[in-house]
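Before any comments, here is the structure.
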Amino acid sequence: MIFDAITEFAEDLGKWLAILILGIFLAFFIHNIYSETVLKGSMMK
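All the letters of the sequence shown, read from the start, carry residue numbers 1 to 45 under the UniProt record's numbering.
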């Protein structure tokens with residue numbers, strides 16, 4: 001019974017962790033593209 005609860009909790013935790021990692025990766029990726037575009041834009045001037 002306790003073991004089942006732990007497994008369910010671990011599965012939920014894994015799901016949230018995956019979403020969190022994905023979100024951080026996405027934010028980092030967008031930030032890189034944004035800063036590159038801004039740098040290229042300022043160099044063009």
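Cβ coordinates follow ideal geometry from the N, Cα and C atoms, glycine included. Computed from a prediction, not measured in an experiment: that's the story for all the values here.
Separation of residue j from residue i, as counted between CA atoms
{"i": "L13", "j": "G23", "result": "15 Å"}
{"i": "F28", "j": "F9", "result": "28 Å"}
{"i": "M43", "j": "T37", "result": "10 Å"}
{"i": "T7", "j": "S35", "result": "42 Å"}
Nonlocal neighbours in the same chain, by C-beta distance under 6 Å from residue i, ignoring five residues either side
{"i": "I33", "result": "none"}
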